[in-house]
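So the mapping is simple: the numbering used here equals the position in the sequence shown, first residue as 1, plus 11.
Ideal Cβ positions, reconstructed from N, Cα and C, are used throughout, including at glycine.
Keep in mind that this is a model prediction, so the values were computed, not measured.
A quick write-up on the structure given underneath.
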Amino acid sequence: MKRVGYYPGCAVKSFTPHIVGRVEELLGRLGLEVFEIRDWVCCTGGVAEEAKKDSIERISVLNALLAKKQGAEILATSCSMCLSTLYRGLRRAPASLVESIASKLSVEPSPLPRVVHIADVLLEHASRLELDVSGRVALYPGCGYLVAHGAREARKRIKRLAKLAGLKNYGIVVGCCGFTIYAARPREASVVAKRLEEKMGDADMVVTLCPLCKLTLARFTGLKTVLLEEVVTSVSPR
12 MKRVGYYPGC AVKSFTPHIV GRVEELLGRL GLEVFEIRDW VCCTGGVAEE
62 AKKDSIERIS VLNALLAKKQ GAEILATSCS MCLSTLYRGL RRAPASLVES
112 IASKLSVEPS PLPRVVHIAD VLLEHASRLE LDVSGRVALY PGCGYLVAHG
162 AREARKRIKR LAKLAGLKNY GIVVGCCGFT IYAARPREAS VVAKRLEEKM
212 GDADMVVTLC PLCKLTLARF TGLKTVLLEE VVTSVSPR
């Protein structure tokens, strides 16, 4: 049985904490052992990069090694921003940094757990999904998911997700929601979010992979936006 270390991220813990138990329940049905990583550290959403050059490398390595020490083979998150930050941080981290932090935690430096989104775990381990959605659905992965997987691969994954769920009346929408400038320039963030709302067209609801996108769209648009984990009602294992 694979062990999945769940890294919810600050946005989930602050704004949608109810999905933590939901994630554990859903992945448990797929035959995975899931636990929330103890003592995880905020990824900072990449903001720390502006203050210190190697900050996200250090934060990402620390979180990955904490997950490994606790027995995780996979580090999974519900936030595409966290996914992007952890992915970039681990990719850029030099071996010397990994070894240094591993030594302090008394854990072997390799192999590190594989970093994925909960959507990726569902794609890999589920044969079918049921979603509580109605009308036309806009599937919006968020920028971070595209950064981690690349735009083309991300689209392929979202299409596969829609197929697993048997969705017919849907569209895939990409673009920035405005979160990255929300705090510093809220008026500009509002403009960005409104432009994204126009791209959603006649969607009755938006299903996103990022709680920060959900937060931003709820603040600046009239779109009904939910996280994927909030609308998955049933999963069948492969």
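Query raised in the report: Smallest Cα separation from K115: which of L38, Y193, L73, G182?
Result: L73
Query raised in the report: Would D131 be called buried (16 or more neighbouring beta carbons within 10 Å of its own) or exposed?
Result: buried
Query raised in the report: Since P152 sits in a beta bridge, which residues does DSSP pair it with?
Result: Answer is none; P152 lacks a bridge partner.
Query raised in the report: Per DSSP, H128 is paired with what?
Result: T88
Requested in this report: Please say whether Y151 and V217 have beta carbons closer to each other than 9 Å?
Outcome: yes
**Report entry** Presumed contact (8 Å Cβ cut-off) between T96 and G39, rounded CB distance
**Finding:** The pair is not a contact, with the Cβ atoms about 27 Å apart (cut-off 8 Å).
Query - CB of R69 within 9 Å of CB of G100, strictly - result: yes
Query raised in the report: By how many angstroms is the C-alpha of L86 removed from the C-alpha of F46?
Result: 10 Å
Query raised in the report: So does the region 212-228 actually touch the region 103-110, counting three or more Cβ pairs closer than 8 Å?
Result: no
Report task. Could you tell me if H29 is buried or exposed, where buried requires 16 or more neighbouring beta carbons within 10 angstroms of its beta carbon? Result -> exposed
Query - Residue of A106, S201, E208, C53 minimising C-alpha distance to L123 - result: A106
Requested in this report: Tell me, please, which residues DSSP counts as bridged to E238.
Outcome: Before going on, a small fix: residue 238 reads as Leu here, not Glu. According to DSSP, which records beta bridges pairwise, L238 is partnered with T219.
Report task. Mind the definition here: the region 228-235 touches the region 202-209 only if three or more C-beta pairs lie below 8 Å; say whether that holds. Result -> yes
Query raised in the report: Considering only C-alpha positions, which residue in the set A22, V243, H128 is nearest to A165?
Result: H128
Query - Own chain residues within Cβ distance below 7 Å of V52, not counting five before or after - result: I70, L73, N74
Query raised in the report: What separation, rounded to the nearest whole angstrom, lies between the Cα atoms of V202 and Q81?
Result: 43 Å
Query raised in the report: Got a sec, what are the start and stop residues for the alpha helix (DSSP H) R198 sits in?
Result: 197-210
Query raised in the report: Just curious, the alpha helix (DSSP H) that I192 is in, first and last residue?
Result: Per DSSP, I192 belongs to no alpha helix (DSSP H) and is neither H nor E.
Query raised in the report: Under the three-state reduction of DSSP, which class applies to I30: helix, strand or coil?
Result: helix
Query - Supposed contact pair L43 and M12 - C-beta distance, whole angstroms, cut 8 Å - result: 7 Å
Query - With 16 other Cβ atoms within 10 Å as the buried cut-off, status of T244 - result: exposed
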